[in-house]
Amino acid sequence: MTSFEEKVCAAIGKIPRGKVATYAAIARAIGRPRAARAVGNALNKNLFKSVPCHRVVLSTGRLGGYARGTAVKAKRLRGEGVLIRNGRINLNKFGFKV
DNA sequence: CTAATGACCATTA
DNA sequence: ATAATGGCCATTA
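Converting from the first sequence to the numbering used here requires adding 11 to each position, the first position being numbered 1.
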């Protein structure tokens, strides 16, 4: 576990149920404002099990990727009350500021 | 050391 | 609205 990944993990852990955060927001929160891409990279590799990594989405409101498939990601989010319309999420409503 | 690889982002056309 | 573009950055080979 690199320290970068630790921070990513910690930041994601703060996202409350029923809300989502963007990769860019996470990057900002850990002090690497331009490392959004690296954040996704870290998640993909680690497959964080005890962390709600499904609550991390693109800044456009789209889902983005998910190691086990975007279908699962969408399902889990819907299960938490996040409304997904046309494959997109309203960040003004469900976005969480870390 | 260099080069390649992404669960990305913002801008531009 | 969509598509292409250039940039960005931690990790890994």
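Each residue gets a CB set at the ideal place from its N, CA and C atoms; glycine is no exception.
DSSP lists I95 as the bridge partner or partners of I100. Note: V50 is not bridge-paired with any residue in the DSSP secondary-structure output. Between T33 and R87, the alpha-carbon positions lie close to 16 Å from each other. DSSP lists V31 as the beta-bridge partner residues of G106.
For R43, no alpha helix (DSSP H) encloses it, and the DSSP letter there is neither H nor E.
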